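Here this note's numbering runs 1 ahead of the position in the sequence shown, where the first position is 1.
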Amino acid sequence: MAPRPAWKGYLKLSLVTCAVQLTNVTTNAERVSFRMINRATGNTVKRQYVDAVTGKPVEDKNEVKGYEIDKDQFLLVEENEIEALQIESEHTMSLDGFVDKSEIEQIYLDTPYYVSPSDKVSEEAFAVIRDALAAKKMAGLARIVLYRRERPVVIEPLGKGMLLTTLRYENTVRKSSAVFDDIDDVKIDDEMIELATHIIDKKRIKFDPSKFEDQYENALLELIRDKKAGRTPPVVKPSAHPSNVVNLFDALKKSLASEGIAEDEDGGKKPPSTRRASKAARKSPAPGSGKRKSA
């Protein structure tokens, strides 16, 4: 069964328009989910709005949205008043500008959706817009109303369809300086950086999302299987928290050893940890020289 579209409307490039639909890229259909149960009866429970002052349940017909205009004073806004709001981006995404996707900082990218034509008549116009974007290696910027919020979006070609990614507003994104400015400038030994880059080079892999595995989800499934079979789930001791590194250089050397890294890719050049040890050996006095290093 085809997934249900999250939005239907039109994609517009100047005077070229086509009917499109958005489909969620991600799905939680296979994830473990729980219902809340009344332990005493075994029945499922449901949520209900309760008046904060009287403590009495509120009937559906009396539930209404309120906007706080002063302390404990609310302006009531009816559902039909919200539904009556109409702006173009509620039904049409107009491509107003075009950018190189790489120009968009990662922190502004939010939720992805697949874009596809919603009827056969729209396929030709859809293909024209898609292929034009592909030819110019550009992405289009537009706006769309999703879940009663207007969101800026970026649209780019993806195979036979397109990919839309909602963007975060600038005023909702914290500036990195607010977090990073407290980090002190640290002078790092070049050899330690070389050790770390050596580990990175040796552990370089190709990105393969099929290798990702949700270990927490697997543990939940194992717990459910054990309880279903009448087995007592094993008590798992929490893993020890890593401690702060006291000697960073030694930690890097041990990391190299644990990864089985003994030499560089050229097969002859030793990693910097070995070179540093060799330098130290050369500086040490020869046996029987009569000189002793202080402790």
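For glycine and all other residues, C-beta sits at the position ideal for the given N, C-alpha and C.
These figures come from a predicted structure and were not determined experimentally.
DSSP three-state label for residue i, please.
i    : result
Q49  : coil
P118 : strand
E264 : Model confidence at E264 stands at a pLDDT of 46, short of 50, so the residue's coordinates are unreliable and nothing is read from them.
I133 : A small correction: the amino acid at residue 133 is Ala; Ile does not occupy that position in the sequence shown. Helix, per DSSP.
M193 : helix
N219 : helix
N81  : helix
F181 : helix
S274 : Since pLDDT at S274 reaches only 48, below the 50 mark, its modelled position is unreliable, and no value is offered.
K254 : helix
Y109 : helix
P6   : coil
N25  : strand
K176 : coil
T93  : strand
T198 : helix
I225 : helix
F213 : coil
G269 : Bear in mind that the predicted position of G269 carries a pLDDT of just 43, short of 50, making it too unreliable to give a figure here.
Give the single residue among the options whose Cα lies nearest to the Cα of residue i.
i    : options                  : result
A7   : L16, T18 and T28         : T28
Y315 : A143, E106, K188 and T55 : Within the shown structure, residues of the chain are numbered from 2 to 296, placing residue 315 beyond reach of any answer.
E151 : S95, K203 and S90        : S90
L147 : L134, A136 and L165      : L165
Q22  : K9, D182 and V51         : K9
E214 : E124, R205, R32 and K188 : R32
For residue i, list the residues DSSP reports as bridge partners.
i    : result
Y68  : L76
I156 : G141 and L165
P58  : V51
R150 : L147
V17  : L14
F99  : G141
I88  : Per DSSP, none; premise fails for I88.
I38  : T45
- Query: Can you find at least 3 beta carbon pairs, one from the stretch 153 to 165 and one from the stretch 105 to 122, that sit closer than 8 Å?
  - Reply: They touch, by the three-pair rule.
- Would you check if the stretch 112 to 125 and the stretch 156 to 170 touch, i.e. whether three or more CB-CB distances between them fall below 8 Å? Flag = yes, the stretch 156 to 170 and the stretch 112 to 125 touch.
- Message: For the stretch 31 to 51 against the stretch 130 to 146, do three or more pairs of beta-carbon atoms, one drawn from each stretch, fall closer than 8 Å, so that the two count as touching?
- Response: Between the stretch 31 to 51 and the stretch 130 to 146 there are fewer than three inter-stretch CB-CB distances shorter than 8 Å, so the stretches are not counted as touching.
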